[in-house]
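In what follows, a single structure is set out as structure tokens and then discussed.
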Amino acid sequence: MTRNSRTRSRRARGLLAALTVCAAALFTGAPAAQAAEPGEPSDTTVRLPTDSYARMLVDQARGRLYVSTGGLSSTVGEVLVYDFDGTLLKTVKTGATDGASAMMLSADGSILYVAASSYLLVFDADTFAYVGGGWVSNDFFKGLCPGDIGTAGGKLWFTRLTSQYRPKDCATETQALYSGGLLGGSHDRAGDSLVGAKFATSPGVPDKIVQTYATYGTPKLVVGVYDATSTAARQLALRTYTAAADPAATPRDVAISPDGTLAAVAAGTSGVKALSTTNLADAAPGYGPLPQGADATSVAFSPDGSLVARGGAADGDAADLLVQRADPTAGDTPRAYAFTDPTAGGDRVADRGLAFSADGSRLFAMTTDAAGDAYWLHVISRPDARYHSAFDGPPTVRPASPYAGQTVRISGTLRLNGPAAAASARVTAVRHDADGDHTVPAAAVGPDGSFALADTPSTTGTATYTVSFAGDAAHDAAPDATVSVDVVKAATDLTVGTPSRTGTSGVVLHGALGTAGTALPAGTVVDVQRLTKKGATELPAVTVGPDGGFTVTDTPPATGSTLYTVSYAGDALHEPSADWVTVQVTDD
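Counted the way the working numbering counts, the sequence shown spans residues 452 to 1039.
Quick look at the structure:
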């Protein structure tokens, strides 16, 4: 058997070669699995040995997963028996398992029911021997399209095709609901012929059935709750999505929460509907949308009631599987999984392709490709957990000793276990300095985990940068990383040009004061001193203009060599600077 597993790679890498097993043969190998870090999810992936898939059923007491392979295009009708690690233990195949699809365990777990093309099969769940001589005949046309099977109101309920012709597309075929005894005998039709009909039962509402189907013609979604205590299912509530604004949709899956309060319907382009089983009102605020363009294909609640999983078919790197708290009011951010390789691991979740172990610690997800001719079983441990993330040491700031007003680059590496950084993965930072806290613009994380933030410190002294990653749909938050730098005053450059007038009637000097740091504040002045052979004289201060320019005018007392010194004293953000010029003053 060819097999592959992964725990911390972005893509599920399935198997390229088909598995081959003999009927009822015991398989002794197990898929190898790399150990995840404590608390992280892990995904073991095996390819089915068939080109078709119908249903999954978890047998918690025996640690088994049953996978049926019937369907309209199926060439093999059998039940594959896996353990919870993804090891194929047994293949159950008889002349009657053609079209094996829906499965169910009896209340005490001793009997395995399997709906096949022509019969409802009853097996001993320990030995897979027929119970009571074998088959429970149903007297109806072959069930080439997978139906449903469940117990409610003390009876066995199942769906079968109503057409007497070979079906062409199971999504548009009509099925009807039937009820009967748990161990055989006669069965009665309990409902109308409905397009794409699917139903679910739950111990939380032992006397109810939730059924969903599509309208004829342009398919629009319909969901109903029915009383299962009588032979014919009696409608208790009905919700239709038949308005012009409602998208065309055929139901792909339906599930009821363990406590019986919620029904979830995977409805293709309409997403997943979360509804009350009392009146089918929306269970606000719902579970949120699937990625844009994704079709909802599957939904499942964990038997302990803690989690809900939603599967879909999404394009590109968008998530195909979302796992979150089952309580819609919890406001939980879904844990996302993306399957992107149609040749190794699948690129979408199959219809009715999700099931949980009893405590929610394992999620079994069946993926497929667009053609639906290859299937992969994913055994995801800790499905609601996220992969760890951490910064590889403190970030680096360049330049290492910036001046106020200088743009700095804060760079580093974020380690993301599991899937690589999604396009939306971003790091944020806060600068703390003498003026308080300042938010730094966020930056994207590159495919190699690298990032670079840009900031301009606005004051001098110690500036401490705290870099954060809040987590995303696949990763938990990283412990913050910090780095401190000393921000110094910015240098200034003062220049005095050649005088434009040099006579005793007036000297005119032009100059400029500039800085690469924070702009000089309005009202900045420069001091001017005149030095002659008679001594030094302080002249009036001159205001620097918005462009940094200034003009000094003076009426010198005598002719001769005169030294003009212009100086800037600096401020809290800028260093001082000065310049001078010697002028030969002459008579005008």
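Just so you know, even glycine gets a beta-carbon here, dropped at the ideal spot from N, CA and C.
None of these values were measured; they are calculated from a predicted model.
Residue(s) in a DSSP beta bridge with residue i
i	result
H829	T496, A816
K940	Paired residue(s): none; K940 is not in a bridge.
F1001	G962
V661	A651, V676
E989	Q980
L945	L964
D888	H883
G856	Answer is none; G856 lacks a bridge partner.
Q511	Note: Q511 sits in no beta bridge, so no partner.
T917	V881, T933
F574	L563, Y581
S862	T847, A903
T625	V646
Q686	Y677
T1033	L1014
V800	T818
S841	The sequence given here places Ala at residue 841; Ser does not occur at that position. Paired residues: R866.
L607	T602, G631
R952	V959
K541	V532
D783	Per DSSP, none; premise fails for D783.
T691	V673
Distance, residue j Cα to residue i Cα
i	j	result
I398	V723	The displayed coordinates of the chain run from 452 to 1039. Any statement about residue 398 would go beyond what the structure contains.
V959	P950	6 Å
D766	V646	27 Å
V759	V573	30 Å
T1010	D888	58 Å
G642	P489	50 Å
D620	G897	44 Å
V1036	T994	24 Å
T545	A795	30 Å
F650	F902	49 Å
K984	D998	35 Å
P972	H883	23 Å
G522	G744	26 Å
V472	D678	Confidence in V472 is poor, its pLDDT being 27 and thus under 50, which makes the residue's placement unreliable; the coordinate value appears in the next sentence. Distance between the alpha carbons of V472 and D678: 43 Å.
P742	A769	6 Å
A725	S935	49 Å
L713	A924	24 Å
A885	A905	19 Å
V564	R640	The sequence shown places Tyr at residue 564, not Val. Their Cα atoms are separated by approximately 19 Å.
D590	T602	With a pLDDT of only 45 at D590, under the threshold of 50, the placement of this residue in the model should not be trusted; the figure read from the coordinates follows. Cα to Cα, the separation comes out at about 20 Å.
G763	A851	49 Å
P834	S757	12 Å
Cβ neighbour criterion (16 or more within 10 Å) applied to residue i
i	result
D1031	Asp is not the amino acid found at residue 1031; the sequence shown has Trp there. It is exposed - the Cβ of W1031 has fewer than 16 other Cβ atoms within 10 Å.
R877	buried
R617	exposed
L1014	exposed
A567	buried
L689	exposed
Y537	Correcting the residue identity first, residue 537 is Gly in this sequence and not Tyr. By the neighbour-count rule (16 or more Cβ atoms within 10 Å), G537 is buried.
P597	buried
E529	buried
G974	exposed
D494	buried
L477	Reliability fails at L477, whose pLDDT of 26 lies under 50, so the model's placement of it is uncertain and the value that follows must be treated cautiously. That one is exposed.
S840	buried
N728	In the sequence as presented, Asn is not what sits at residue 728; that position holds Thr. Under this definition T728 is a buried residue.
E491	buried
A486	Here the model assigns A486 a pLDDT of 44, short of 50, so the residue's position is not dependable and the matter cannot be decided.
P754	buried
Closer than 7 Å: residue i CB and nearest the ligand NAD heavy atom
i	result
D678	Inclusion of the ligand NAD in the displayed structure is not the case, the ligand content being empty and no account of it being possible.
Take every Cβ of the stretch 626 to 633, pair it with every Cβ of the stretch 606 to 615, and state whether three or more of those distances are shorter than 8 Å. yes
Three Cβ pairs or more, each shorter than 8 Å: is that satisfied between the stretch 504 to 515 and the stretch 805 to 817? yes
Taking one C-beta from the stretch 943 to 954 and one from the stretch 900 to 911 each time, how about it: are there three or more such pairs within less than 8 Å? no
With three or more C-beta pairs closer than 8 Å as the rule, is the stretch 733 to 746 touching the stretch 767 to 781? yes
Could you tell me whether the stretch 796 to 803 touches the stretch 815 to 824, using the rule of 3 or more Cβ pairs below 8 Å? yes
I want to know whether the stretch 660 to 672 touches the stretch 688 to 700 - three or more CB-CB distances under 8 Å. yes
The stretch 621 to 629 in contact with the stretch 574 to 582 per 3-pair CB rule at 8 Å: no
If you scan the stretch 703 to 780 from start to end, which runs of the beta strand (DSSP E) of 3 or more residues do you find wholly inside it? 704 to 707, 713 to 717, 723 to 727, 746 to 752, 758 to 764, 772 to 776
Is the stretch 991 to 1010 in contact with the stretch 883 to 899, if contact means three or more CB pairs nearer than 8 Å? no
Does the stretch 953 to 973 come within contact of the stretch 1019 to 1031, defined as at least 3 CB pairs closer than 8 Å? yes
Would you check if the stretch 845 to 853 and the stretch 539 to 553 touch, i.e. whether three or more CB-CB distances between them fall below 8 Å? no
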